[in-house]
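Structure first, commentary second.
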Amino acid sequence: MFTGGQSMPHPEHESILKILEKLSPMLREAGYIPDGSFALHDVEEEEKLHSLNYHSEKLAVAYGLLKLPEGMPIRVMKNLRVCGDCHSAIKLIAKVTGREIILRDANRFHHFKDGVCSCKDFW
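Residue numbers 1301 to 1423, in our numbering, belong to the letters of the sequence shown in order.
So, in structure tokens, the structure goes:
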């Protein structure tokens, strides 16, 4: 289980962060631009952008990439709505990794494949 801004990180926290670091240049090359409007509002802009990497759904997807065999879909369940930044990032993670990612948030299932989401960006 992952939570944003965890005080007790996952036992494989360092490996998960390495996956996210490895993905970062690939996502930027694919057109990802972090959206700080989905981060805390009372911190510096640089800190906002940094904190986006620690959203629970991104950590969970990175863990799936770390642990699941190639070609196997990654399934994530979230009790809140996915934020717009994570939605954009996960679309591109699906594209650059060639993985299908299924994310269930508080409102619907999102099926990410080849850089597209089944919700057609209406969530």
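Backbone N, C-alpha and C fix where the C-beta goes; we use that ideal spot for every residue, glycine too.
Tell me whether residue i is buried or exposed, calling it buried when 16 or more other Cβ atoms sit within 10 Å of its Cβ.
i     : result
D1405 : buried
L1365 : buried
G1336 : buried
L1426 : The displayed coordinates of the chain run from 1301 to 1423. Any statement about residue 1426 would go beyond what the structure contains.
Going by the CB atoms, is the gap between residue j and residue i shorter than 7 Å?
i     : j     : result
C1386 : E1357 : yes
F1412 : A1394 : yes
L1352 : P1334 : yes
E1329 : P1373 : no
N1407 : R1375 : no
L1359 : I1316 : yes
F1483 : G1384 : Here the chain comprises residues numbered 1301 to 1423, so residue 1483 is not present and cannot be evaluated.
Tell me whether residue i sits in a helix, a strand or coil according to DSSP, three-state version.
i     : result
I1333 : coil
R1328 : helix
V1396 : helix
L1425 : The requested residue 1425 is not part of the displayed model; the chain covers only 1301 to 1423.
L1403 : strand
C1383 : coil
E1344 : coil
Determine the closest residue to residue i out of the options, with distance taken between C-alpha atoms.
i     : options                       : result
E1314 : V1376, A1362, I1374 and C1417 : A1362
K1391 : L1327, I1316, I1319 and L1320 : L1327
P1325 : K1367, T1397, P1309 and F1338 : T1397
K1378 : L1403, K1318 and V1416        : L1403
Y1354 : H1310, V1416 and G1331        : H1310
What does residue i pair with, by DSSP beta-bridge criteria?
i     : result
K1413 : V1416
M1377 : R1404
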